[in-house]
């Protein structure tokens, strides 16, 4: 039996592609272990999937001043020692890393034991954690054609992002029934990211009365972001988080309004859903979501509305224009070749593990 260690954590985007690989890895008979942080969000997700989980110490490498910059290096060193012990214990044939700072000691430990590592970079430009890991990787997968210029040419491969199989198996009627909505009006699905987005939530609710004249709205607003005054509003339903039924809500959606996290927009691409992206502003991030969104806009997949430009009028017009002209977006997405990232990544893993 071949053994694989999966790693990655910190946000859902560093975990869900690993989850997408699990069914095929199991079908091919791999013994699977996961290394994440002690109490990161990845722990619950992975253990719920029935995968053995080991936590290690994890520190964040910041580009800005923070008192934790003085203590986190010691956490990273401790995490590296723990990862070395786990590599020696499990002796995997291959490691697959989805990134995040918890993955750094795991990738470095695999290099110490000469275990081949495949890493996946979601965004257009590599983040700091993956920049540290790239020299130790046998291959680097990526989502965007623009990313290839930032990676070693002999080790980079354009794969797209692994998408959970069940997301592609949703049923529109089941989604409408779950949300208590009608089949007589188009449905907008609003997704603010795994932690929710105050800016997106506020913007949508600001124009809700006007939206509900034409559309119905399913709003996934993030933990603690429900608006109790809107509970029971006809044509509008809100959830803090949706797990298993999400595939049916995707199927019910005629238009998606989303942040521009790489994995989220790759799921939208796989589902061929017309969409409006509101990327996280450069002031609140390193600007990766803006680059992701612009790449999708350039390829004809998305309408992009930057956060600073969001007003009641601009958001409503973007929704109207995108929905009314949705077919060109669908046609462009149908022409995308990045439709089987799971198969591509699994074959890449097999090329190192099954020799």
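Residue numbers (our numbering): 256 to 610. By construction, the Cβ of each residue, glycine as well, lies at the ideal position given by its N, Cα and C atoms.
### residue 281 versus residue 564 - alpha carbon distance
When rounded, the distance between both Cα atoms is 46 Å.
### Message
Relative to the C-alpha of residue 348, which candidate in 494, 357, 360, 261 has its C-alpha closest?
### Response
Checking every option, the nearest Cα to that of residue 348 belongs to 261.
### Task
State buried or exposed for residue 514, treating a residue as buried only when at least 16 other CB atoms are found within 10 Å of its CB.
It counts as buried.
### Query
Roughly how many angstroms separate the alpha carbons of residue 547 and residue 432, rounded to a whole number?
Near 33 Å, if we compare the C-alpha coordinates of residue 432 and residue 547.
### Query
With 16 other CB atoms within 10 Å as the buried threshold, where does residue 597 fall?
The residue in question, residue 597, is buried, as its Cβ has 16 or more Cβ neighbours within 10 Å.
### Message
Just verifying my parser: in three-state terms, what is the DSSP assignment at residue 291?
### Response
Strand, per DSSP.
### Message
Residues in the same chain with beta-carbon distance under 8 Å from residue 307, minus the five sequence neighbours each way, listed in chain order, please.
### Response
The beta carbon of residue 307 is closer than 8 Å to those of 287, 288, 289 in its chain, skipping five residues each way along the sequence.
### Query
Does the segment 527–536 come close enough to the segment 381–392 to have 3 or more Cβ pairs within less than 8 Å?
No, because fewer than three Cβ pairs between the segment 527–536 and the segment 381–392 fall closer than 8 Å, the two stretches do not touch.
### Message
Closer than 8 Å is the cut-off here; do at least three beta carbon pairs connect the segment 481–496 with the segment 411–431?
### Response
They do not touch, by the three-pair rule.
### Query
residue 493: buried (16+ other C-beta within 10 angstroms of its C-beta) or exposed?
Counting Cβ neighbours within 10 Å, residue 493 comes out buried, since at least 16 surround it.
### Query
What number of angstroms, rounded off, separates the C-alpha of residue 304 from the C-alpha of residue 568?
Straight through space, the alpha carbons of residue 568 and residue 304 are spaced by roughly 43 Å.
### Query
Looking at C-beta atoms only, is the number of pairs between the segment 494–504 and the segment 551–561 that lie closer than 8 Å three or more?
No: fewer than three Cβ pairs fall under 8 Å.
### Query
So, helix, strand or coil for residue 541, using DSSP?
Taken through DSSP and simplified to helix, strand or coil, residue 541 comes out as coil.
#### Entry: Cα-Cα separation, residue 408 to residue 332
Computed Cα separation, rounded: 30 Å.
### Query
Under a Cβ-count criterion, where at least 16 other Cβ atoms within 10 Å of its own Cβ denotes burial, should residue 340 be classed as buried or exposed?
Under this definition residue 340 is an exposed residue.
#### Entry: Coil, strand or helix - residue 335 by DSSP
Looking at residue 335 - three-state DSSP - the assignment turns out to be helix.
### For residue 530, the residue or residues it bridges with in DSSP
In the DSSP output, where bridge partners are listed per residue, residue 530 has 511.
### Query
Are the beta-carbon atoms belonging to residue 505 and residue 425 less than 7 Å from one another?
Yes; because the gap between Cβ atoms is below 7 Å, this pair is in contact.
### Task
Would you check if there are 3 or more beta carbon pairs closer than 8 Å linking the segment 465–475 to the segment 388–401?
Too few Cβ pairs lie closer than 8 Å, so no.
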